[in-house]
Amino acid sequence: MRYRKPFGAMAVAVASALLLSACSGGTGVGDAKQDDKADKGLPVLGKTVTWDPNQLVNDGRPIKLEWWAWAFVDEAQKMADAYQKVHPNVDIQVVNQPWDDYWTKLPLALQGSGGPAIFNVHNSQHDNLVKYMAPYDIPVKDLQADFTNVDQHVIDGKVYYIDFGLMTGAIFYNKDMWKKAGLTQADIPETWDEFREVAKKLTVRDGGKITQAGFNFNGQYDAIQSGMAYQLGQNLFAGDLKTPDVDNAANLEVIERFLDIYRDGSGDKDLGSGGDTFGQGLTAMTYSWGHLAGTLKTDHPDLDWGVFRTPVPEAGKTPYAFDRTNGESTIGINKNASPEEQAVAQDFLRYYLTNEDAMKQLCLAVGVYPTYKPLADDPDIKASPVLEAFGDSTKYIWPGALPATFQTSLVTMWEDILYNGVSPRKALATAQKTLSTDLKGSGFVSVENRYPGYQAQDD
Numbered sequence: 012m013r014y015r016k017p018f019g020a021m022a023v024a025v026a027s028a029l030l031l032s033a034c035s036g037g038t039g040v041g042d043a044k045q046d047d048k049a050d051k052g053l054p055v056l057g058k059t060v061t062w063d064p065n066q067l068v069n070d071g072r073p074i075k076l077e078w079w080a081w082a083f084v085d086e087a088q089k090m091a092d093a094y095q096k097v098h099p100n101v102d103i104q105v106v107n108q109p110w111d112d113y114w115t116k117l118p119l120a121l122q123g124s125g126g127p128a129i130f131n132v133h134n135s136q137h138d139n140l141v142k143y144m145a146p147y148d149i150p151v152k153d154l155q156a157d158f159t160n161v162d163q164h165v166i167d168g169k170v171y172y173i174d175f176g177l178m179t180g181a182i183f184y185n186k187d188m189w190k191k192a193g194l195t196q197a198d199i200p201e202t203w204d205e206f207r208e209v210a211k212k213l214t215v216r217d218g219g220k221i222t223q224a225g226f227n228f229n230g231q232y233d234a235i236q237s238g239m240a241y242q243l244g245q246n247l248f249a250g251d252l253k254t255p256d257v258d259n260a261a262n263l264e265v266i267e268r269f270l271d272i273y274r275d276g277s278g279d280k281d282l283g284s285g286g287d288t289f290g291q292g293l294t295a296m297t298y299s300w301g302h303l304a305g306t307l308k309t310d311h312p313d314l315d316w317g318v319f320r321t322p323v324p325e326a327g328k329t330p331y332a333f334d335r336t337n338g339e340s341t342i343g344i345n346k347n348a349s350p351e352e353q354a355v356a357q358d359f360l361r362y363y364l365t366n367e368d369a370m371k372q373l374c375l376a377v378g379v380y381p382t383y384k385p386l387a388d389d390p391d392i393k394a395s396p397v398l399e400a401f402g403d404s405t406k407y408i409w410p411g412a413l414p415a416t417f418q419t420s421l422v423t424m425w426e427d428i429l430y431n432g433v434s435p436r437k438a439l440a441t442a443q444k445t446l447s448t449d450l451k452g453s454g455f456v457s458v459e460n461r462y463p464g465y466q467a468q469d470d
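First residue of the sequence shown? That's 12 in the numbering used here, and the numbers climb one at a time after it.
Right under this line is the structure:
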């Protein structure tokens with residue numbers, strides 16, 4: 012079904028024009044100025060959740076807000092600048108805070124009154140952030156009408172963030188290297204055994220040194236491990252949906268599969284990260300979630316790459332699930348910001364959620380399926396090579412907003428195996444123990460059972 016645009020092409024054209032007009036140059040600090048014109052003559056954006064530009068925010072008085080982000084800062088600043096084109100009294104400055112520092116700096120900043128009024132959220136940090144977040148000043152039923160996956164974010168009748176898109180993993184490949192190795196589209200592997208053979212063909216050596224890795228998954232340890240066991244019918248949690256279940260035969264098989272590729276000499280633990288070396292032209296194939304598409308477009312615009320769905324264990328057989336999926340979160344609002352900042356942030360939130368063109372560009376940049384229903388049948392979304400590669404979106408499992416310990420424990424597990432000589436069995440047992448300890452008493456409950464084909468492990 013194609014959703015009707017509430018004000019026809021005019022609303023989208025205005026939103027697009029606002030976004031594009033902001034691209035010509037950002038606003039500097041202190042550029043906010045008094046606004047005395049409430050009625051801008053602009054259409055209201057949105058479907059059920061709406062944004063009305065024809066009113067003053069902060070009574071037209073100048074105000075400056077910070078928006079913290081760890082990635083896709085340019086997209087965020089364009090959206091902020093476009094908002095200021097409508098409300099020139101508002102100056103929203105996007106501050107780039109690197110991922111490695113973000114989760115230390117942000118909770119500390121939010122404890123006082125000087126933290127950012129707006130900030131990007133990752134659901135793995137839910138417990139660390141939600142106590143500092145103001146609930147959205149939007150009826151939950153309105154959010155549910157316009158967005159999918161809202162229900163799991165409702166806490167005591169309130170929402171603090173939702174998903175703007177759903178992401179998963181795929182195999183990115185260098186098309187020039189593919190052709191040079193004599194491979195064609197017919198060689199896109201269906202199974203992991205076929206994939207292993209393709210990786211061999213794509214590997215180039217100078218003597219004993221790899222100069223072109225056939226496959227490099229360095230740096231993607233937690234993502235690939237937490238998703239691939241699903242292909243073998245193994246959930247991340249036991250039937251009670253509370254007990255982590257990673258020390259099992261399926262996860263051991265996943266580990267051995269990728270170790271075998273490195274044992275073949277198609278890759279090496281010391282090559283550097285898969286995403287970085289892929290962009291630099293040193294790796295022919297890498298596993299990554301969809302966000303790599305945006306990074307490649309920005310940092311390596313001349314690279315000719317393609318993407319295909321992760322292979323499966325058996326030819327002609329659809330697995331239990333292809334991979335894990337996760338939501339990319341909308342912005343959070345700082346409850347300790349001043350009342351004036353919070354009011355402006357709530358108005359900007361409505362603009363952020365209802366600007367269809369800007370939301371589409373964000374989803375394409377990040378490589379996610381939009382949860383905004385008016386974008387469900389958008390031709391640009393359907394034409395995205397990354398989203399097309401994912402295939403049937405109903406065959407991916409969302410286990411819930413996994414606590415950060417899943418990432419750190421699985422990364423540590425792989426680093427112990429690759430760099431510290433720990434056996435896969437022992438490393439899995441350690442990861443299981445760490446996860447069980449960290450999650451005990453956390454209150455986390457997986458939602459794997461919402462997957463249509465769900466089968467509890469202890470059935």
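Even for Gly, the Cβ is constructed at its ideal location relative to N, Cα and C. Here the structure is a predicted model, which means the values were calculated and not measured.
Item: Helix, strand or coil for Asn160? Go by DSSP, reduced to three states.; Value: coil
Item: Cutting at 6 Å between CB atoms, please list the residues of its own chain near Tyr147, excluding the five before and the five after it.; Value: Val170
Item: Following the continuous alpha helix (DSSP H) through Trp425, name the residue where it begins and the one where it ends.; Value: Ala415 to Tyr430
Item: Give every residue of the same chain whose Cβ lies closer than 6 Å to the Cβ of Asp258, excluding the five residues on either side of it in the sequence, and list them in chain order.; Value: Leu439, Ala440 and Gln443
Item: Please state whether DSSP places Val40 in a helix, a strand or coil.; Value: Note that Val40 scores a pLDDT of 40, beneath 50, so its modelled location is shaky and nothing firm can be said.
Item: So, Asp157 versus Tyr380, is the Cβ gap smaller than 8 Å?; Value: no
Item: Can you round the beta-carbon distance between Lys51 and Pro64 to whole angstroms, since I take them to be within the 8 Å contact cut?; Value: 5 Å
Item: Could you check what DSSP says for Asn347 in three-state terms: helix, strand or coil?; Value: coil
Item: According to DSSP, is Asn227 helix, strand or coil?; Value: strand
Item: For the 8 Å Cβ check, are there 3 or more pairs between the region 223-231 and the region 243-261?; Value: no
Item: Identify the residues that DSSP records as bridge partners of Gly317: which are they?; Value: Tyr184
Item: According to DSSP, is Ile149 part of a helix, a strand, or is it coil?; Value: coil
Item: Round the Cβ separation of Asn347 and Leu121 to the nearest angstrom and send it over; I've been treating them as touching at under 8 Å.; Value: 6 Å
Item: Go ahead and pull the three-state DSSP assignment for Val458.; Value: coil
Item: Thinking C-beta only, is Thr336 closer than 8 Å to Leu446?; Value: no
Item: Which residues in the same chain as Ser284 place their Cβ atom closer than 6 Å to its Cβ, once the five residues preceding and following it in sequence are excluded?; Value: Asn229 and Gly230
Item: Nearest CA to the CA of Glu201: which residue from Leu364, Ala210 and Pro324?; Value: Pro324
Item: Kindly indicate which three-state DSSP category Pro385 falls into: helix, strand or coil?; Value: helix
Item: Ends of the alpha helix (DSSP H) at Arg447?; Value: With the sequence shown as reference, residue 447 is identified as Ser, and Arg is not the correct amino acid for it. Pro435 to Leu450 is the span of the alpha helix (DSSP H), which, as asked, contains Ser447.
Item: Could you tell me the distance, in whole angstroms, from the CA atom of Gln468 to the CA atom of Gly180?; Value: 24 Å
Item: Going by beta carbon distance, what residues of the same chain come within less than 7 Å of Tyr232, once the five residues before and after it are set aside?; Value: Leu421, Val422 and Trp425
Item: Within 10 Å of its beta-carbon, does Ser453 have 16 or more other beta-carbons around it, so buried, or fewer, so exposed?; Value: exposed
Item: Please work out which residues of its chain come closer than 6 Å, Cβ to Cβ, to Leu364, disregarding the five sequence neighbours upstream and downstream, and give them in chain order.; Value: Val60
Item: Determine which residues share a DSSP beta bridge with Asn337 and list them.; Value: Met178
Item: Using the DSSP secondary-structure output, state which residues sit across from Pro255 in a beta bridge.; Value: Phe248
Item: Below 8 Å on the Cβ atoms is my contact criterion, and I expect Leu194 with Val209 to pass it. Report the Cβ-Cβ distance as a whole number of Å.; Value: 7 Å
Item: Would you call the CB atoms of Pro414 and Glu267 closer than 8 Å?; Value: no
Item: At 4 residues or longer, what runs of the alpha helix (DSSP H) sit wholly inside the region 271-299?; Value: 285-290
Item: Should Trp78 and Ile129 be called a contact, given that it needs their Cβ atoms to be closer than 8 Å?; Value: yes
Item: By how many angstroms is the C-alpha of Lys152 removed from the C-alpha of Ala394?; Value: 31 Å
Item: May I ask which residues mark the beginning and end of the alpha helix (DSSP H) holding Lys89?; Value: Val84 to Val97
Item: Using 10 angstroms around the beta-carbon of Trp110, count the other beta-carbons present and answer buried if the total reaches 16, otherwise exposed.; Value: exposed
Item: Beta-carbon separation of Leu67 and Asp46 under 8 Å?; Value: yes
Item: Please determine, among Leu373, Thr405 and Phe269, the residue with the shortest C-alpha to C-alpha distance to Ala82.; Value: Leu373
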